[in-house]
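Trainee:
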Amino acid sequence: MAASLCYGGVVLSGPVTRLGCIVLSRPGTRAIQTSAVCLKNRAARVRVGKGDRPVTYEHALRPHDIGHRKGWLSQHTSNLCGEEGAADRVVEDVFVRRFIFGTFHGCLANELIIKRRGNLLLICALMLQKLPPQKFYFLVGYTEALLSHFYKCPVKMEVQTLEQPVVYKYL
41 MAASLCYGGV VLSGPVTRLG CIVLSRPGTR AIQTSAVCLK NRAARVRVGK
91 GDRPVTYEHA LRPHDIGHRK GWLSQHTSNL CGEEGAADRV VEDVFVRRFI
141 FGTFHGCLAN ELIIKRRGNL LLICALMLQK LPPQKFYFLV GYTEALLSHF
191 YKCPVKMEVQ TLEQPVVYKY L
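In this text, residue positions in the sequence shown follow my numbering: the first is 41, and each later residue adds one.
Below, the structure is given as structure tokens:
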């Protein structure tokens with residue numbers, strides 16, 4: 041079926057009327073709306089400012105540099121050909137990230153790296169020293185025990201603590 045086209049208020053074909061920027065059509069007709077192409081990809085990029093904003097290594101590189109200059113934040117074999125369960129791994133990773141963000145609220149210095157090695161779930165994190173060591177060790181053990189019970193596999197956390205967040209460069 042042919043569609044109706046409008047240009048500059050003039051109807052090219054079919055029962056469509058254009059008033060300003062509103063297109064009116066009669067019931068039972070088809071119309072095409074077009075817009076200009078916008079080739080600006082700004083998602084997940086840090087805007088360049090006056091040079092006073094500290095940026096970490098993860099945020100300094102653009103999203104299309106993943107796999108070239110920086111690595112993936114989740115490492116597993118579910119994305120290989122013939123493997124199943126990639127969607128399940130994504131949901132599990134989101135749950136683990138939210139759980140740890142809530143457990144160590146305000147203490148994460150950088151993004152978590154989640155690695156799966158066989159049956160072992162390995163979580164690597166950089167934390168800020170905002171808690172006393174006894175509470176920090178308790179929360180690490182609590183997280184490992186609870187996630188091991190949830191996922192029915194051993195969970196191990198590798199944690200490094202920092203006094204201040206590491207600044208890669210200023211934008």
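No residue lacks a Cβ here, since even glycine has one placed at the ideal position from N, Cα and C.
Computed from a predicted structure; not experimentally measured.
(1) Note the first and the last residue of the continuous alpha helix (DSSP H) segment covering R87.
(2) Once DSSP output is grouped into helix, strand and coil, what is the label at Q204?
(3) When the Cα of R157 is compared with those of P67, V195, V95, which residue comes out closest?
(4) If you draw a straight line from the C-alpha of Q169 to the C-alpha of E151, how long is it?
(5) Can you tell which of M167, Y191, Y208 has its C-alpha closest to the C-alpha of E180?
(6) Using C-beta distances below 8 Å, list every residue in its chain close to G89, excluding the 5 sequence neighbours before and after it, in chain order.
(7) With 16 other CB atoms within 10 Å as the buried threshold, where does T69 fall?
(8) With DSSP as the reference, label L168 as helix, strand or coil.
(9) Short check: CB of I140 to CB of L113, under 8 Å?
(10) For F135, which residues in the same chain have their Cβ closer than 7 Å to its Cβ, ignoring the five residues on either side in sequence?
(11) Are the beta-carbon atoms of L148 and Y191 separated by less than 8 Å?
(12) So which of P94, I163, E124 has the shortest CA-CA distance to S188?
(13) Can you have a look at E132 and say buried or exposed, based on whether 16 or more other CB atoms are within 10 angstroms of its CB?
(14) Where does T183 land, buried or exposed, given buried means 16+ other C-beta within 10 angstroms?
(15) If you check the beta carbons only, do Y208 and T96 fall under 8 Å apart?
(16) I'd like the list of long-range same chain contacts for C193, defined as Cβ closer than 8 Å, with 5 residues on each side in sequence excluded.
(17) Given a cut-off of 8 Å on the beta-carbon distance, is the pair H99 and V86 in contact?
(18) Spell out the partners DSSP gives V195 in its beta bridges.
Mentor: Walking through what the data contain:
(1) Element bounds for R87: n/a, residue is neither H nor E.
(2) coil
(3) V195
(4) 16 Å
(5) Residue 180 is actually Val in this sequence, not Glu. For the residues M167, Y191, Y208, the minimum Cα distance to V180 belongs to M167.
(6) L211
(7) exposed
(8) strand
(9) No, they are not a contact pair.
(10) none
(11) no
(12) Closest by alpha carbon: I163.
(13) buried
(14) The residue in question, T183, is buried, as its Cβ has 16 or more Cβ neighbours within 10 Å.
(15) yes
(16) N159, L160, L161.
(17) yes
(18) Under DSSP, V195 takes part in a beta bridge, and its partners are L161.
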